[in-house]
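According to mature numbering (1 follows the signal peptide of the UniProt record, and there is no 0), the sequence shown holds residues -20 to -1, 1 to 425 in order. Using N, Cα and C, we set each Cβ at its ideal position, and we do this for glycine too. Predicted model only: the values in this text are computed from it and were never measured. One structure is given below, encoded as structure tokens.
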Amino acid sequence: MRKYILIVCLYALFAGGVQAQNPLIRNQYSADPSARVFGDRVYVYPSHDILATEGRGRVGWFCMEDYHVFSSANLTDWTDHGMIVQQNNVPWVKPNSYSMWAPDCIYRNGKYYFYFPSTPKDTSYARGFTVGVAIADKPEGPFVPQPAPILHVRGIDPNVFIDKDGQAYLYWSQGNIYAAKLKENMVELASDPVVLGELPNKGLKEGPYLFERNGTYYLTYPHVENKIERLEYATGNNPLGPFKVTGVIMDESPTGCWTNHHSIIQFKDQWYLFYHHNDYSPAFDKARSIRADSLFFNADGTIQKVTPTYRGIGVTKANAQIQLDRYTRLSDKGASIAFLDTASKFQGWKTVLETTGAWVQYNSVDFGKKKPGSVTVRVLAAAGGSLQIRVQGIDGPVLAEIPVTAGNDWQLTKVSLLHFKPGLQNLFVISKDNNQIAIDWTSFE
């Protein structure tokens, strides 16, 4: 009961807004992110993993009953707009099927169309999964589900693309990757489905996401080349192909998360890859969390492979709680991260420095123009110790010297700032002795 109350309290604390690096959403599981730019904000429509129990989904498998939408103007502060679609409020979905898998959303003619797969209660629509639509006047909803799914679509992972000529296309997967034109009303097919057959013929392919850049159409998808999914792409001159398999966007998870699912957007002149990993559930890869990292193209239009990071995207203000565990780099020796509480993983992580000279680097901290008066560190060190905060490098200017009092409880240590560098800075926190020091966060004010 205490654990349940703690989870509820944490959700209430963070439901409105979450400051995040990777994973982006840090108070609930999220997966399969479909990112879209609407106006001056990025909206992310992920699926919502929950943990199945007896009588509530299939234990040990994916379990999803609803969708939330999140948005941000700066890629750092994310707002949870709440639940937008729930399985038992969709007329055609089989009740309590817990199969609300990867969705997508797109804008057209003053409306927002949210596409989602699930299991129909009427198998005349499809055996297995099919795809439905919910419609809203705003990107955060409220969304109203259509009474029936899209006819002649059997499968999962819907993705919608509108070409420059106004023609809309629907993509989905079911063993192969399929595509069809959509009618102007965005809820009916305008052509028969076709198989996009130029892709790898061995290994699972799913999760299609198509975008266009400089006249080239990029069909991107997870594919099991070996044992788990990696993100790949093919290119062509038409939304329906033919496509040529071109390369890998992201390699397989080094920790064994079996799935990956993604989207790619351009926001304020930078391209980004949104994807997922099992950060909060390292022992169970059906409870995932969404991430994002910057994506770059070569001069010939090919995509540079993206390496996953903890730091992710966005700029962190110096007066925020800077979560050093979402680091850019760690020293090779004496530095690690760990959960603050393994029984309540949504509380996040801590950075642990154990040897003299061990350090953590956190990039893109915005100090603005006005010098802060002090820095506060939430820290724990049973034997005490000392820290040093620098900018620009481990030998850069010293912002603060922080003595850490010995104790077995977390403490807030506040010291005056010795030095100031305005604007964007890369932050370094360095241990000055061999005692173990755990750091939760630091903040300047």
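Discussion item. Could you compute how far the alpha carbon of Ile(-16) sits from the alpha carbon of Ser324?
Written reply: Here residue -16 refers to the residue found at position 5 of the sequence shown. Here residue 324 refers to the residue found at position 344 of the sequence shown. Its pLDDT being 34, under 50, Ile(-16) is placed unreliably in this model, and the value from its coordinates should be taken loosely. Cα-Cα distance, rounded: 11 Å.
Practice prompt. Tell me where the beta strand (DSSP E) around Asp306 begins and ends.
Written response: Taking the first residue of the sequence shown as position 1, residue 306 is located at position 326. It should be pointed out that residue 306 corresponds to Arg in this sequence rather than to Asp. Note, Arg306: premise wrong, no beta strand (DSSP E); not H, not E.
Practice prompt. Counting only the same chain and skipping the five closest in sequence on each side, list residues whose C-beta sits under 7 Å from that of Asn415.
Written response: Mapped onto the sequence shown, residue 415 falls at position 435. Once the five neighbours on either side are set aside, the close Cβ partners of Asn415 are Ala361, Ala363, Gly364, Gly365.
Item to complete: Just confirm the distance between the C-beta atoms of Lys182 and Ser153, as a whole number of angstroms; I'd bet it's less than 8 Å.
Response: Against the sequence shown, residue 182 aligns to sequence position 202. Against the sequence shown, residue 153 aligns to sequence position 173. Lys182 to Ser153, Cβ: 15 Å. No contact.
Practice prompt. Report the rounded CA-to-CA distance for Gln284 versus Pro222, giving the unit in angstroms.
Written response: Counting from 1 along the sequence shown, the entry for residue 284 is found at position 304. Counting from 1 along the sequence shown, the entry for residue 222 is found at position 242. Their Cα atoms are separated by approximately 22 Å.
Discussion item. Measuring alpha carbon to alpha carbon, tell me which residue in Asn406, Ser311, Tyr25 is nearest Ala337.
Written reply: Here residue 337 corresponds to residue number 357 of the sequence shown, with the count starting at 1. The amino acid at residue 337 is misidentified as Ala; the sequence shows Gly. Closest option to Gly337, judged by alpha-carbon separation, among Asn406, Ser311, Tyr25: Ser311.
Worksheet item: Taking DSSP as the reference, what is the three-state secondary structure of Lys350?
Response: Residue 350 sits at position 370 when you count from the first residue of the sequence shown. Secondary structure at Lys350: coil, using DSSP grouped into helix, strand and coil.
Item to complete: Using DSSP bridges, identify the partner residues of Glu212.
Response: Taking the first residue of the sequence shown as 1, we reach residue 212 at position 232. According to DSSP, which records beta bridges pairwise, Glu212 is partnered with Tyr201, Val228.
Worksheet item: So is Glu425 buried or exposed if we call it buried at 16+ other beta carbons inside 10 Å?
Response: For this step, residue 425 is matched to residue 445 along the sequence shown. Counting the other CB atoms within 10 Å of its CB gives Glu425 a total below 16, which places it among the exposed residues.
Item to complete: Report the partner residues of Lys394 according to the DSSP bridge assignment.
Response: Residue 394 sits at position 414 when you count from the first residue of the sequence shown. Lys394 is bridged to Thr356.
Worksheet item: In chain order, what residues of the same chain have a beta carbon less than 6 Å from the beta carbon of Asn156, not counting five sequence neighbours either side?
Response: Along the sequence shown, read from residue 1 onward, the residue named residue 156 stands at position 176. Hits under 6 Å: Val175.
Worksheet entry | Asn69, buried or exposed, once every other Cβ within 10 Å from all chains shown has been counted against 16 | Here residue 69 refers to the residue found at position 89 of the sequence shown. Classification for Asn69: exposed.
Practice prompt. Determine, using beta carbons only, whether Asn54 and Thr289 come nearer to each other than 9 Å.
Written response: Looking up residue 54 in the sequence shown gives position 74. Looking up residue 289 in the sequence shown gives position 309. No.
Worksheet item: Taking the C-alpha atoms as reference points, what is the distance between Trp251 and Gly146?
Response: In the sequence shown, residue 251 corresponds to position 271, counting from 1. In the sequence shown, residue 146 corresponds to position 166, counting from 1. Rounded to whole angstroms, Trp251 to Gly146 spans 23 Å at the Cα level.
Discussion item. Tell me the residue span of the beta strand (DSSP E) that contains Gln66.
Written reply: Within the sequence shown, numbered from 1, the residue matching residue 66 stands at position 86. Gln66 -> beta strand (DSSP E) spans 57 to 66.
Fill in: Cross-strand partners of Gln147 (DSSP beta bridge)
Numbered from 1 along the sequence shown, position 167 holds the residue referred to as residue 147. Bridge pairing for Gln147: absent [DSSP].
Item to complete: Measure the CB-CB distance between Tyr92 and Lys118 and report whether it falls below 9 Å.
Response: Counting from 1 along the sequence shown, the entry for residue 92 is found at position 112. Counting from 1 along the sequence shown, the entry for residue 118 is found at position 138. Yes, the pair counts as a contact, with Cβ atoms nearer than the cut-off.
Discussion item. Gln67 and Ser79 - do their beta-carbons sit closer together than 9 Å?
Written reply: Counted from its first residue, the sequence shown places residue 79 at position 99. Counted from its first residue, the sequence shown places residue 67 at position 87. It is a contact, given that the beta carbons lie within the stated cut-off.
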